[in-house]
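Number of protein chains: 2
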Amino acid sequence: MDDISPRPLSPRPLSSPVGTAERLAALRAELDSRGLDGFLIPRADEHQGEYVSPRAERLLWLTGFSGSAGLAVVLRDSAAIFVDGRYTLQAEQEVDTALFTPRHLTEEPAGPWIAERLKGGKLGYDPWLHTADQVDRLAGALKRSGASLVAAEPNPLDSVWTDQPDPPLAPVVVHALTFAGEPSAEKRSRIAGDLRRQGVAAAVLTMPDSIAWLLNVRGGDVPRTPLPLSFALIDDEGQVDWFVDDRKITDEVPAHLGNAVRVRRPDEFATVLAGQSGRKVLVDPAGAAQWVFARLEEAGAEVQRGDDPCLLPKARKNPTELAGARAAHRRDGVALTTFLAWLTQAAPAGGVTELAASDRLYDLRARGDRFRDLSFDTISGSGPQSAVIHYRVTPKTDRELKPGELYLVDSGAQYLDGTTDVTRTIAVGEASPEMRRRYTLVLKGHIAIATARFPEGTSGSQLDSLARRPLWEEGLDFDHGTGHGVGSYLSVHEGPQRISKVPNRVALKPGMIVSNEPGYYKPGAYGIRIENLVAVQPAESRPGDERKMLVFETLTLAPLDRSLIELSLLDEAEIRWVDDYHKRVERELAPLLEAPVAAWLRDAVAPLEKG
Amino acid sequence: MDDISPRPLSPRPLSSPVGTAERLAALRAELDSRGLDGFLIPRADEHQGEYVSPRAERLLWLTGFSGSAGLAVVLRDSAAIFVDGRYTLQAEQEVDTALFTPRHLTEEPAGPWIAERLKGGKLGYDPWLHTADQVDRLAGALKRSGASLVAAEPNPLDSVWTDQPDPPLAPVVVHALTFAGEPSAEKRSRIAGDLRRQGVAAAVLTMPDSIAWLLNVRGGDVPRTPLPLSFALIDDEGQVDWFVDDRKITDEVPAHLGNAVRVRRPDEFATVLAGQSGRKVLVDPAGAAQWVFARLEEAGAEVQRGDDPCLLPKARKNPTELAGARAAHRRDGVALTTFLAWLTQAAPAGGVTELAASDRLYDLRARGDRFRDLSFDTISGSGPQSAVIHYRVTPKTDRELKPGELYLVDSGAQYLDGTTDVTRTIAVGEASPEMRRRYTLVLKGHIAIATARFPEGTSGSQLDSLARRPLWEEGLDFDHGTGHGVGSYLSVHEGPQRISKVPNRVALKPGMIVSNEPGYYKPGAYGIRIENLVAVQPAESRPGDERKMLVFETLTLAPLDRSLIELSLLDEAEIRWVDDYHKRVERELAPLLEAPVAAWLRDAVAPLEKG
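Protein chains in written order, with the working numbering: chain A, 1450 to 2060; chain B, 1450 to 2060.
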């Protein structure tokens, strides 16, 4: 992932003393010596984050597969790699399929595959790398086979990975109150109150973004997300034990945290869990490693399974965070608009490649002093590559943008005051009538979400079909969610809310930020996605309102490509939305743009009716 | 329920030898003699159906509460009745609140209430009257309290209910192949194949509509639904043990069933379950009584928890059932249209009451020879009573329809060839602009569902917001689902599909019938609901379609009240839908109507544009 990004901020120091076959043989020998008949290698670390440190790239080391999700299963005589639909092609290219049979993670799940081959055998897993929910599900799938699941510590793969990188030691810094908006002590006190209401003595926190939010700290242990990797335990009085390597702690941190937060060695986590005998402790089975549950159960603690208590408060941004998000989006809009002004002029003339475009956009974003990193690897795809939903350009795949094609750029940044994520689809030269028609259908879906007015208690799942309906009318759809939650100078993918056809009961609440990103993809031809971030806000009340209603405030500021809009497909309200949005983009960005870009923007956002 | 219906088909022979206080005292004495500190009295029978026989009206006998859902909890010193939002008012009117504290079933659930009062005590429950899922949930809620859940057999309330009615013995008749469309032997063979694929030896069937569907039989043991109460076990070769009182079996049944179905005494159910040792048996924890699970576990069977295997095949109507549904809806449309013609002429002149209207509609429906019963008690509400979502008119509440009011009639019938359920809202005289505006918003939601085009795999939950969006725009909503499944001469409420904001992963599949019934209710003033039944059908393909799409075929045929439609709120496509629907109603019904009614219909369905 980051090895193909324009600016590799955390270079991957994996070396390859032996080939894949030798690594697999070495792992099998290790398993044999431990009496194991098989072992699981997920693409996961101890915190179940989307980005992991080089030390946790075990799946990549063993198989060569570099995708962001996947699972290898190594048995005595066979091995397989399970990846989802995004990655089937990539896995076949990167993995030696003579060693690892590629399988579809959801259509051909691992459980039955293992059960069939491992009758009565012992399947090892690293209890640090699987959540309790995952272990439960796998145990269920293996139940019939007679195979048993065995926690293997230390990780057998680590035993044969001789030059495995050390855990990362990026500095932990204070996230200033001017950005966080609420002192850590107040957050801790809120969470403690919640624990008391739930009747639990303490909660284990394993998700680094929860801890970063709670303590108002940031770090750099993984790419693209300013997270310090650590664990914590918060009790019902708000006292925190924070298990973090003290070599990461910068001087400013101790005074910031005060006495209620005790910085402890990572290896003390086990000791503290062992001391929870007889206490009721909250742990999130969807996020916490099985290892945590095992320690608590051994200790005789009463384990209460439930959501990470920081999840919902973190998702609801406070007024300072929302103001920061608006400022970050203005800055981001300046960079993206400057980029688009250049691109729409340069690309039709030839010579602009996907990689060059992505590099230029990076440079424009990096100018500001609050810029810290991209929030994910830029998707910069032209022509057929714009149809690849999770495309990452590499020098090998790089190609020139050509007239008559669409160019899709999905990108975002980590600013001190907010995280951005935006997609624009641009016609290089003139687009075909079909491209324009389908762009407009996607736009109609985008506008339906942007203008939705819905009662309190509504979940994102309930809104999802509004984004798809115009495409459904013409027999089309897109195979990804309509929107994901976004953090505040934290993860670009953040729960618990989302807009998706997958059922989700989390009500959208004021302050939550989600993406609004319907799309359409014609394989081998072109792809379309229009993405803005939006924040949930109370609706202004109207006469006759009987319910408390919510709306979305659009945060992202960048022009849409008017040349792709087929005006006859939009109704009056939709045309008004585009024109109003464009007016706002110009009003907020023009004063911050260089004069030629401002002039370009003025043309780009001319009212639709005037053609 | 049925005691307030226009034609009580199954009179309730409950006698009241003593008052509520004496009944409660007698129950408490019985509990004491059995060493129990409390007991649960749900409004449920052994089959968890919506309608129950008089024998199962334990909650009514004990508390006087006649609603269709509720739970009483009797402890040594306190007792409470838990009902949902529909029934809070009714419970307060019907129940002696000095004896039973009324509580809100979902907002103040029973578990914590019991846990607080029953520290360490023994709570009895009848294992026949609670599903395994319900018992699991309650056990979870009581876990902290130290209270224990004890299966109490026989039911302690039955021991003190001296004149409890006997189990019903309505005749079981053959459901002819001309209506069922698929021989029972083929259905059994399909289910057997499914069991083999699931790797189970047999499935326990406890839901009477599943058994009625599987065996192509119907009965009359409960009101409003042609069900024989019974249990069954089907094995993986399609052999069925059917546990049913043979006094109910009419002469035609044995030959119809053949040798593969063994009719056995109800008391043999226990024996057969006890004989399942070592076999893998499928049981539905959402529908089957805890008693079944307990017997299987005692026997050493391997219990596989999963959906009733008849659920999905029953929901997907075959071509014969769909043809039957269309015929039943024509017949039903003739009755309803004749009723509406009379009502719109008679009501504004005065003298028409809710009860008289409901009686007249019953008489019109009952004329046809395929009519067997109503499919539920008619909701016939005028003025403020039209805003009561589950209103049932009684002689006490009966009132005259008055000019300037809305009248809402939600009704349906059981015909041999299909089950109907339709709601129309009618202006008595002239409606207010607000009524017309809101009727039109509800209509827009109805049309959005009626015209939805959606890809295979879409669930009803995904479509729900389409019905609400026009109301949301004006700060309005309605507090019920948008649509429920409907059986084929079976239950008017049938799973597993539904259109609801409650998440539901069941994909809508061709042949499924659901209601399309958005509404709006202004408490104390007026209520609006527009309900048609629709059947899921494959969409005709259009050029450019990339997905297999589905649409709804509207089955219900009856005019909408054009005087309630505010034309300026409808777009062209919506106006076209109303006019096309009305043209179809006239085309299909006019030849079957008496001349004056046909003339009235012709005016009633005049194109909207002509005003």
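A virtual CB, placed ideally from N, CA and C, is assigned to each residue, including glycine.
Completely contained alpha helix (DSSP H) runs for the region 1591-1639 of chain A, where each covers 4 or more residues: 1605-1609 and 1626-1629
Which residues, taken in chain order from the region 1899-1914 of chain A, show a beta carbon closer than 7 Å to some beta carbon of chain B? Arg1902, Phe1903, Pro1904, Ser1910, Gln1911, Leu1912, Asp1913 and Ser1914
Quick one: give me the first and last residue of the beta strand (DSSP E) that Leu1783 of chain A is part of. Reading off the sequence, residue 1783 of chain A comes out as Val, not Leu. Not the beta strand (DSSP E): Val1783 of chain A falls in the alpha helix (DSSP H), residues Pro1768 to Ala1795.
CB contact below 7 Å: Ser1454 of chain A versus chain B: Here the model assigns Ser1454 of chain A a pLDDT of 32, short of 50, so the residue's position is not dependable, and the following value carries that caveat. Not closer than 7 Å to any Cβ of chain B, the Cβ of Ser1454 of chain A fails to qualify, so no.
Comparing the C-beta of Lys1636 of chain B with each C-beta of chain A, is any distance below 7 Å? no
Collapsed DSSP secondary structure at Ser1824 of chain B in the structure displayed: coil
Through-space distance from Ala1899 of chain A to Thr2005 of chain B, alpha-carbon basis: 35 Å
DSSP state of Phe1903 of chain B, grouped into three classes? strand
Does DSSP put Tyr1840 of chain B in a helix, a strand or coil? coil
Measure from the alpha carbon of Phe1549 of chain B to the alpha carbon of each residue in B:Ala1528, B:Thr1699 and B:Ala1559, then state which is nearest. B:Ala1528
So, for Ala1735 of chain A: in the same chain, excluding its five sequence neighbours on each side, which residues have a beta-carbon less than 7 Å away from its beta-carbon? Thr1580 and Asp1582
With a cut-off of 7 Å, does the C-beta of Arg1996 of chain A fall near any C-beta of chain B? yes
Name the two residues that bound the continuous alpha helix (DSSP H) containing Arg2036 of chain A. Glu2021 to Leu2038
Could you spell out where the beta strand (DSSP E) holding Gly1560 of chain B opens and where it closes? Unbroken run through Gly1560 of chain B is the alpha helix (DSSP H), Ala1559 to Arg1566; no beta strand (DSSP E).
Whether or not the region 1616-1623 of chain B and the region 1925-1935 of chain B are in contact is what I'm after, with contact meaning three or more pairs of Cβ atoms, one per stretch, closer than 8 Å; do they touch? no
When DSSP labels each residue in this structure, what does Arg1947 of chain A get in the three-state scheme? strand
Mind pulling the chain B residues with CB within less than 9 Å of Lys1568 of chain A? Neighbours of Lys1568 of chain A on chain B: none; closest Cβ ~15 Å, over 9 Å.
Member of A:Phe1692, A:Arg1646, A:Val1671 and A:Leu1771 whose CA lies at the smallest distance from the CA of Leu1664 of chain A: A:Phe1692
Counting pairs of beta carbons, one from the region 1608-1619 of chain B and one from the region 1668-1677 of chain B, are three or more of them closer than 8 Å? yes
Residue closest to Ala1446 of chain A, alpha-carbon to alpha-carbon, out of A:Lys2032, A:Pro2040 and A:Leu2038: Residue 1446 of chain A falls outside the range modelled here, since chain A spans only 1450 to 2060, and no answer is possible.
Interface residues of the region 2004-2034 of chain B facing chain A [CB-CB below 9 Å]: Asp2020
Closest by C-alpha distance to Pro1605 of chain A, when choosing among A:Ala1652, A:Glu1479 and A:Thr1802: A:Glu1479
Measuring CB atoms only, is the region 1746-1761 of chain B touching the region 1769-1780 of chain B, in the sense that at least three cross pairs come out at less than 8 Å? no
On the DSSP bridge assignment, give the partners of Thr1699 of chain B in chain order. The partner list for Thr1699 of chain B (beta bridge, DSSP) is empty, contrary to what the question assumes.
Compute the Euclidean distance between the alpha carbons of Leu1855 of chain B and Val2027 of chain B, then round it to the nearest angstrom. 20 Å
From what residue to what residue does the alpha helix (DSSP H) around Ala1529 of chain A run? No alpha helix (DSSP H) holds Ala1529 of chain A; the beta strand (DSSP E) holding it covers Ala1528 to Val1532.
Within this structure, are the beta carbons of Leu1939 of chain B and Asp1658 of chain B separated by less than 7 Å? yes
When A:Pro1844, A:Ala1836 and A:Leu1654 are compared against Ala1806 of chain A, the one with the closest alpha-carbon: A:Pro1844
CB contact below 7 Å: Trp1921 of chain B versus chain A: yes
Taking a Cβ distance cut-off of 9 Å, strictly less, list which residues of the region 1924-1950 of chain A are near chain B, in chain order. Gly1924, Leu1925, Asp1926 and Lys1950
How long is the line joining the alpha carbons of Ala2039 of chain A and Arg1779 of chain A, rounded to whole angstroms? 10 Å
Counting only beta-carbon atoms, is Pro1952 of chain A nearer than 7 Å to chain B? yes
Does DSSP put Pro1462 of chain B in a helix, in a strand, or in coil? Low local confidence applies: a pLDDT of 37 at Pro1462 of chain B is under 50, so the model's placement there is unreliable, and no value is given.
Beta carbon proximity, Arg1991 of chain A to chain B, threshold 7 Å: yes
For Arg1978 of chain B, return the contacting residues in chain A, with the cut-off set at a CB-CB distance below 7 Å. By Cβ distance, chain A contributes nothing, its closest Cβ being about 17 Å from Arg1978 of chain B, past 7 Å.
Can you check whether the C-beta of Gly1749 of chain A is within less than 7 Å of a C-beta belonging to chain B? no
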